Amino acid sequence: MRLRFIMGEVWTGLRRNSTMALSVVLVTFVSLTFVGAAALTQMQVQQLKDAWYGKVEVSIFLCPENSLFEQCAGGAVTTVQEDEIRAVLEEGSVSDLVDEVYYETREEVFENIVAADSTGVYSQLDAADLGPVFRVKLADPEQFQVVADATSGLAGVEEVKDQREVFDQLFTFLNAATFVAAGLAAVMMLAAVLLITTTIRLSALSRRRETTIMRMVGSSKSLIQMPFMLEGAVAATAGAVLAIGGLWLGTRYLVEDWLTGSIAWVDYVGREDVWTVAPWLVAIAVGLAALASLVTLGRYTRA
Amino acid sequence: MIRLDTVSKVYTRGARPALDNVSVEIERGDFVFLVGSSGSGKSTFLKLILREERPTAGDVYVAGRHLNRLSSWRVPHLRREIGAVFQDFRLLPNKTVYQNVAFALQVIGKSKREIHQNVPEMLELVGLAGKERRLPHELSGGEQQRVAIARAFVNHPPILLCDEPTGNLDPGTSVGIMRLLDRINRTGTTVLMATHDDEIVDQMRKRVIELKGGHLVRDQDRGVYGLETV
Ligand SMILES: Nc1ncnc2c1ncn2[C@@H]1O[C@H](COP(=O)(O)OP(=O)(O)OP(=O)(O)O)[C@@H](O)[C@H]1O
Ligand SMILES: [Mg+2]
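This is how it looks when you write it as structure tokens:
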């Protein structure tokens, strides 16, 4: 009985204030699309980190014969120095962080460079111009800096490099994009709360007669207020559903079809990630509506 | 049933009190007129009983409850024991007669069965049988007030408060309304009615409580409207 009554009231209220309800739906739709986009971007960042950092190695370039680097003034790296560096990596303070150490001789380095080079420029070089390299696989790729600090000062080390530097630019960009999306989302969510507040207020005013009578005949406060709260919640949830639909279509056609078609070697977020985000979007929508009810209802439906 | 003990009500600080040190006791089953000129505090008196307003000083007891100490979440339970009727009817214009009366039961969680049983019975009692499907604007003022009374009484509250229920009605129609209130009173319901209507008060010969500028100036059994007419 009560449920039917409340549902009836909610429906009447939404119909009576249909333009307001529609604007609530649209504003929550846009704001939650931004929230979802920000969340998906972060999921993408995490996914890329997981996929790439695992493959990434730290390369410790050792001094070649005629290095331009100051720390190689002493000439090419000696076997003693190589053993010392290896000792630091395998038995020293950073040995916990190191998974595997692989030594590439200068000939191997040369071969790899020539093999990767299609222009033929590097084949002009001589293996003797290059230094050998320690390729280090890290147990935890995030700990690159610690390993770099521990080895870069050692005698015979020319330079310590991490392939991550290449990715980090991309991540900086993606993080900035997340920030922009989150910022826009915050502004839109504020707009949504204000709009829901106004909707509830209008709805309460247009139903003054009903609520006055309800108070007079002894209706409970929750029954008086519930329809207004639900009205906001229903409209906001509709916005969330639209946002989820938008994100789903976005990942389906933009990411899965278009991006994967043009840059295939990246592992992208997919539709299943939208489903991970979806419950949160609905929860945020309901939260926004609850917040709006909280600041409005006390004043407009007095007991 | 209703007891006011040295009750005062001041709406705005420094202003003349709307009620000033009023003590009244009304027994179960009484029919009481509350009279006095405009602004004498009649509506305030009724609002204190409904717990729409709280007294500035003194104690209010209604249906065994001490309203000063009644927590706000219990107020709805108090109001289910009080029916209220107003000068302006306060019907929902887009609901039919039947729906208007049923609304009062719906919103306090009564079952469909109870509603189906009680509403026609009540419409019969107030003399509106056959007009269930009319909208308020298709009724005369007297009929609209009957709907309002049906709505106030459909839950069979032990107390019925009426604030100038005949204020918008012509004398002939008012008599009909008074007969109805009298009938309701005979079922054991305590009726408290604020009014300006001297003819009605004089005819009915019930207990009369008179307020003047917030003071209780008369409490008389089987009284008439104005003292000077005695
Ligand atoms: N909400 C309020 N705020 C401030 N003053 C009020 C309020 N309600 C009533 N008053 C004042 O209290 C006094 C008593 O008002 P009340 O409505 O009780 O009179 P009344 O006897 O019902 O008058 P009437 O016969 O015109 O309905 C008046 O002076 C009025 O101005
Ligand atoms: Mg009044």
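Sequences listed follow chains X and Y, in order. Heads up, the first sequence is in my numbering, so the first residue is 1052 and it goes up one at a time. Heads up, the second sequence is in my numbering, so the first residue is 3 and it goes up one at a time. Glycine included, each C-beta is placed from N, C-alpha and C at the ideal position. Since we're looking at a predicted model, the values are computed, not measured.
Where residue i sits in the DSSP three-state scheme
i                       : result
residue 3 of chain Y    : coil
residue 1146 of chain X : coil
residue 1304 of chain X : helix
residue 100 of chain Y  : helix
residue 223 of chain Y  : coil
residue 1123 of chain X : helix
residue 74 of chain Y   : helix
residue 131 of chain Y  : coil
residue 1195 of chain X : helix
residue 1011 of chain X : With chain X covering only 1052 through 1354, there is no way to say anything about residue 1011 of chain X.
residue 1202 of chain X : helix
residue 192 of chain Y  : strand
residue 86 of chain Y   : strand
residue 118 of chain Y  : helix
C-alpha distance - residue i paired with residue j, whole-angstrom precision
i                       : j                       : result
residue 1261 of chain X : residue 94 of chain Y   : 7 Å
residue 1250 of chain X : residue 1331 of chain X : 23 Å
residue 83 of chain Y   : residue 197 of chain Y  : 22 Å
residue 109 of chain Y  : residue 4 of chain Y    : 25 Å
residue 1272 of chain X : residue 1266 of chain X : 8 Å
residue 1354 of chain X : residue 201 of chain Y  : Residue confidence is low: residue 1354 of chain X scores 46 on pLDDT, short of 50, so the model does not pin down where it sits. Its coordinate-derived value is still stated next. One C-alpha to the other measures close to 36 Å.
residue 1127 of chain X : residue 1151 of chain X : 24 Å
residue 1134 of chain X : residue 1187 of chain X : 15 Å
residue 203 of chain Y  : residue 29 of chain Y   : 19 Å
residue 1109 of chain X : residue 1143 of chain X : 17 Å
residue 1097 of chain X : residue 1202 of chain X : 28 Å
residue 1338 of chain X : residue 211 of chain Y  : 53 Å
residue 66 of chain Y   : residue 1086 of chain X : 55 Å
residue 16 of chain Y   : residue 195 of chain Y  : 29 Å
Contact with chain X by residue i, beta-carbon distance below 7 Å
i                      : result
residue 177 of chain Y : no
residue 94 of chain Y  : yes
residue 30 of chain Y  : no
residue 110 of chain Y : yes
residue 82 of chain Y  : yes
residue 167 of chain Y : no
residue 2 of chain Y   : Outside the shown range of chain Y (3 to 232) lies residue 2 of chain Y, about which nothing can therefore be said.
residue 57 of chain Y  : no
residue 65 of chain Y  : no
residue 86 of chain Y  : yes
Cutoff 7 Å: residue i Cβ touching any chain Y Cβ
i                       : result
residue 1346 of chain X : no
residue 1269 of chain X : yes
residue 1265 of chain X : yes
residue 1279 of chain X : no
residue 1259 of chain X : no
Test item: CB-CB of residue i and residue j under 7 Å
i                       : j                       : result
residue 1075 of chain X : residue 1264 of chain X : no
residue 154 of chain Y  : residue 87 of chain Y   : yes
residue 181 of chain Y  : residue 207 of chain Y  : no
residue 11 of chain Y   : residue 46 of chain Y   : yes
residue 199 of chain Y  : residue 168 of chain Y  : yes
residue 148 of chain Y  : residue 99 of chain Y   : no
residue 1138 of chain X : residue 1161 of chain X : no
For this session: Decide yes or no for the touch test of the stretch 56-63 of chain Y against the stretch 32-44 of chain Y: beta carbon pairs closer than 8 Å, at least 3 of them.
Result: Segments in contact, no.
Exercise. Are the stretch 1065-1081 of chain X and the stretch 1185-1194 of chain X in contact at 8 Å, needing three or more beta carbon pairs?
Worked result: Taking 8 Å as the limit for Cβ pairs, the verdict is that the stretch 1185-1194 of chain X does not touch the stretch 1065-1081 of chain X.
For this session: Determine contact between the stretch 1077-1091 of chain X and the stretch 1224-1243 of chain X, defined as no fewer than three beta-carbon pairs at a distance below 8 Å.
Result: The stretch 1077-1091 of chain X vs the stretch 1224-1243 of chain X: in contact.
For this session: Answer yes if the stretch 1284-1301 of chain X comes into contact with the stretch 1318-1337 of chain X, meaning at least three C-beta pairs across the two stretches below 8 Å, and no otherwise.
Result: Here the stretch 1318-1337 of chain X lies against the stretch 1284-1301 of chain X, with 3 or more beta-carbon pairs under 8 Å apart.
Exercise. Is the stretch 1297-1309 of chain X touching the stretch 1317-1329 of chain X, taking contact as three or more C-beta pairs under 8 Å?
Worked result: Yes: the two stretches touch, three or more of their Cβ pairs being nearer than 8 Å.
Exercise. Is the stretch 120-136 of chain Y close to the stretch 1274-1286 of chain X, with three or more CB pairs under 8 Å?
Worked result: With contact defined as three or more Cβ pairs closer than 8 Å, the stretch 120-136 of chain Y and the stretch 1274-1286 of chain X are not in contact.
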